[in-house]
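To start, the structure under review is shown below, and the notes come after it.
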Amino acid sequence: MHTRQNYGGLDRFRVVAALLVIAIHTSPLASMNEGMDFFLTRILARTAVPFFFMVTGHFTAAGFMSAADKNLSGLIKYLKKTLLLYVFCILLYLPIGIYAGHYAELTFGGLFRMLIFDGTFYHLWYFPACILGMVIVYVMSLFLNLRWATVVSAILYIIGLLGDSYFGLIEKVPALNAVYEFGFRLWSHTRNGLFLAPLFLLLGVWMSLWEEKISAIRNPAKPEENSEQTDKPSLPTDSQMIRLYYIGLSASFILMTAEAFTLRHFQLQRHDSMYLALVPVMIFLYLCLSSVPKASAGEFRIASAWIYILHPAIIVAVRGLAKLLHWTPQLVDNSIVHYLVVAQLSVVASLLILYLQRCVLPRLLPMFEQARNSFLQKRKGTAKTASTSGLQEKGPTDVSLLSDTDLNKKGNSDLHRFSQEKVQTETPVSQENQDGEDSELTVSDMGDISPLPKAAAETANGINSFADESDCLPEFDDDEIASLREPDDGELARLRETDDSAFQESEPSIEEALPEENLSEEYTLSEKEATFELSDVENDEQYSWQEPGNQTDTQDQEAERRKAVDLRSIKLPNIRGTSRVMAQKAHPRKAAAPRTFSKPKAADPYEGGGDFRAWIEVDSNALEHNVSFLRSRLPDSCRLMPAIKADAYGHGAVLIARQLNKLNVTSFCVACLSEGITLRKAGVKGRILILGYTPPDDFPLLSRYLLTQAVIDYHYARLLSSFGKLLHVHVAVDTGMHRLGIRCENLEEIASVYKMENLVIDGMFTHLSVSDSLRPEDRAFTESQITAFYQVVNYLKEKEYPCRGLHLLASYGILNLLQNKEKQSRRAHRSSRNTWSKAALAADYVRPGIALYGLLSTEDDTNLWRGSLRPVLSLKARVISVRTLYTGEAAGYGTAFTAKYDMRIATLSIGYADGLPRELSYGIGGVLINGCMAPIIGRICMDQTIVDVSNIPRVQAGNVAVIIGKSGALEITADHVAEQCGTITNEILSRLGSRLNRILK
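This is how it looks when you write it as structure tokens:
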């Protein structure tokens, strides 16, 4: 017998992993910076599940990988316990899944995929993955040594990797894409027990062998000598080796971060659970954690398990409370506060349960035993024999007289073994390790030694029912056992020796098995009546939930008080539950309910978007961020004059202008008179400059609505002046674009405009036609335009005409000319050749257009500024019908698409009349549903579009399809759509139809 290594580092990291799971479900940095949130939830947190697999491999798979007889009984016991835990979780989440309509239209194939690969609820996929992974590892151990088994598992991992983070490469190879598409009929993701689990389980086995090797090197003495040092942890003592572990971890994690952001930049990820660099990261992380000189602590294992189990309920409680108290912006929309509150309450709840387990439950156990003894005494008094209770016919009713054989026959295995004279610690759960390590007490043993009789155990089932199956839930340790019976010195020493490692071997613990997946849907309480809305995100969404029937009479009374409100209830099959309490899906990033501009209505049973068939969501936070970013590039004397023409590039001019007014933006550009009048009627304040042509018959409207007109040429200036009333104007100067304005060389004509008596000249401007280009010849042309414009300015100043309200730069000019970035690789020679000062270039105003909305005209240009500018617009539509398209059947106009196999298709309530480009037909474009890509099939119709949802689980009418925007880990950007259509982003956005509702988020 020799000393086992203390696993304090592993135990403590369990808590960290549990908190990372909460981070995945709450996106703590989403309201601050999207890139930072991606780093936290899609890179750092992706270490959690591989860590759990490695722990399982270390303490379970190593038992048969390194043993001669392969310990089949140990594997079977492990699988039984994991399966029981899986069944428990299925039953736990089954009501929620039914309530959410997850199992509507469930087929046999869908059920197979759920149970074997995906899990019956989104985050339960880990349990079948663990079971399948362990079976695969065991089968490989029968035919292959550890080295070759690792090679095979690495090949499986690479295959899964190509279907996960690198799927964009597979899509470029039709033959491989067809193979993977077939696979996605069997599983939704390749991060499952077939591709992900085996490699990390075997890496855990390697860690076990490495530990033994290090122990042999550091402790070469005989076992007799080692037995004198049992109080000292067997840890590596070479500090240089430990430093190498941390250096390796740092280097590999940097590579993993670079890999993830590169894949994200090129939009290759179908999912984001598997990376090449994840393998070395996990190896070095595990080595670092194993080298932490901390003793094992069961408290961390128990606490981390309860944190994971309870935090979804905590999310519900926090969001429900925020909803009732109208604190949603403070507690939910603020993602950092939301995470901190959920994490802290989860920790507090786990500590409370830990206290109940360790302090309260041990005091109740003797009471149960006393009640049992009393029951047995009464029963013995009325019976002639005590054979049915395992007692001898005339023996006393003391528990110690019950034999193990009798207990097993009668099902009384819960009797406390420590009531006998000797502690039964010699019976291991699994085979002893080959190096002679001691057998360990596990949770299953704790289930056997529980002092509860069978009836009492059933009574306490709500507290400790599947704690007996895994150390993830309440478990007894030495202190609790000692409180039940004081062991002798030898037993106490033995218990202390086995405590730290007892719960680490051969048990499917949830701490080892914490799934990292996002809770795919979110349920919060509506203020008026409960409704249900599905999510447009598959794996990376957050869920909260409310038990049906838990609403109080107060809520019913509140509903009664609001009976005057026009409440509408839409009933859908398999969506609305039988309870009067239903759930409303919140936005994946914000829990606030969607805003509308109509009178209050009851929440829609569909997901976000209210009553709308298709709609645009405008992200006010992204808009504010872009305004701040653009202002940061300007001198203090320069102000923004955003271009909100073409209905603010499709975003909704009134909505955008009102938000900009709140951000102290008081000058705007529009294209025509009607756009200016619309803003004035909506109460938009500030200067509104019409950049285009206004017919002379409409000149009175310029004065009535206080609009400023651009002077597009000299003749037009005379028409404006002849109107007879004062009109405010800005003079356009043609410096080389030759579209509008008075030619810059006609200095006398420009000066004569300043003399016209009925024109109030508030400004002068030009437009740089190639400021988006960095080619030397284009930069030279831009320089010539700037020079020509300031020659006009200088001439007018010499003539003593006031030159105020000057503006030259639009979006590209602001980005390319005003600031020289430190990273020259992103924008070569950004402003080093400018001969004009920043103040001269910025002048008095700048006219940001497309950049204000977080985009640029091309995908390449947008990618260069993607971290600095945030897209403001998301375009979404409703799934209105889901059906089967059988082999050989055609869909859409002209039978343009014919099914080559049976498939599921969905019809979306959006078409080219809404601005969806027809160029995306025939599979060129796609949409996102539940976090997965759904290709467009056939021709896009005027009002509807058909997509292929064969590989997307649980799609049903009422789901949201994301045409532009994010769903889970995937995103379709407007610039990417433009690239697919062979046009620019500006055109895609400005063509978005007026019948699309605009919602401010």
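Under the working numbering, the first residue of the sequence shown carries the number 34, and numbering increases by one thereafter. Glycine included, every Cβ here is placed at the ideal spot set by N, Cα and C.
The bridge partners DSSP lists for Trp-648 are Lys-909 and Asn-1030. A residue is called buried once 16 or more other Cβ atoms fall within 10 Å of its Cβ, and Phe-798 is buried on that count. About 4 Å separates the CB atoms of Arg-1024 and Gly-948; that is less than 8 Å, so the two are in contact.
Going by DSSP, Val-312 is part of the alpha helix (DSSP H) stretching over 311-323.
With contact defined as three or more Cβ pairs closer than 8 Å, the stretch 988-1003 and the stretch 895-911 are in contact. Note that the C-beta distance between Glu-657 and Leu-696 is below 8 Å. Spatial neighbours of Leu-296 in its own chain (CB-CB distance under 6 Å, excluding positions within 5 residues in sequence) are listed in chain order as Ser-198 and Gln-302. DSSP, read as helix, strand or coil, puts Ala-715 in coil. Pairing Ser-700 with Leu-364, the inter-Cα distance amounts to about 35 Å. Under a 10 Å Cβ-count criterion, Ile-723 is classified as buried, with 16 or more other Cβ atoms of the shown protein chains found around its own Cβ.
Counting only residues of its own chain and dropping the five nearest sequence neighbours on each side, Ser-1027 has a CB closer than 8 Å to the CB of Asp-680. Comparing alpha-carbon positions, the option among Asn-791, Trp-898 and His-156 lying closest to Leu-663 turns out to be Trp-898. As far as DSSP is concerned, Leu-693 takes part in no beta bridge. The beta carbons of Val-381 and Ala-655 sit no closer together than 8 Å. Inter-segment contact for the stretch 79-99 and the stretch 238-249 is present: three or more beta-carbon pairs are separated by less than 8 Å. The residue among Leu-841, Asp-669 and Tyr-372 with its C-alpha nearest the C-alpha of Asp-70 is Tyr-372. In this structure, the straight-line span from the alpha carbon of Phe-408 to that of Gln-989 is close to 56 Å. A direct Cα-Cα distance of roughly 28 Å separates Thr-183 from Leu-118. Its Cα nearest to that of Val-185, the residue Leu-235 stands out among Lys-788, Pro-207, Tyr-828 and Leu-235. Relative to the Cα of Glu-332, the nearest Cα in the group Ser-665, Leu-43, Val-1010 and Tyr-886 belongs to Leu-43. The count of Cβ pairs closer than 8 Å, one atom from the stretch 867-882 and one from the stretch 839-848, reaches three, so the stretches are in contact. Cα atoms of Phe-86 and Ala-230: separation of roughly 7 Å, rounded to the nearest angstrom.
Within a 10 Å sphere around the beta-carbon of His-304 sit 16 or more other beta-carbons, which makes this residue buried. Of all alpha-carbon atoms in Gln-977, Glu-790 and Leu-801, the one lying nearest the alpha-carbon of Leu-773 is that of Leu-801. From the listed residues Ser-983, Ile-149, Val-82 and Asn-896, the smallest Cα separation to Phe-233 is found for Val-82. Taking C-alpha positions only, Gly-107 is separated from Gly-96 by approximately 8 Å. Pairwise C-beta distances place the stretch 683-698 in contact with the stretch 709-719, as three or more of them are shorter than 8 Å. Per DSSP, Asp-811 lies in no beta strand (DSSP E) segment; the continuous alpha helix (DSSP H) that holds it begins and ends at 809-831.
Here DSSP, grouped into helix, strand and coil, assigns Leu-202 to helix. For Gly-998, the enclosing beta strand (DSSP E) stretches over residues 993-1000. Per the C-alpha coordinates, the member of Leu-739, Val-48 and Phe-732 positioned closest to Ser-754 is Phe-732. Just measuring C-alpha positions, the residue of Asn-849, Ser-785 and Tyr-787 sitting nearest Arg-808 is Asn-849. Counting only runs of at least 4 residues, the stretch 82-157 fully encloses the following alpha helix (DSSP H) elements, listed from N- to C-terminal order: 95-98, 105-133 and 141-146.
For His-1009, the enclosing alpha helix (DSSP H) covers residues 1007-1014. Beta-bridge partners assigned by DSSP to Cys-702: Ala-676 and Leu-722. CA-CA distance, Arg-334 to Gly-130, rounds to 28 Å.
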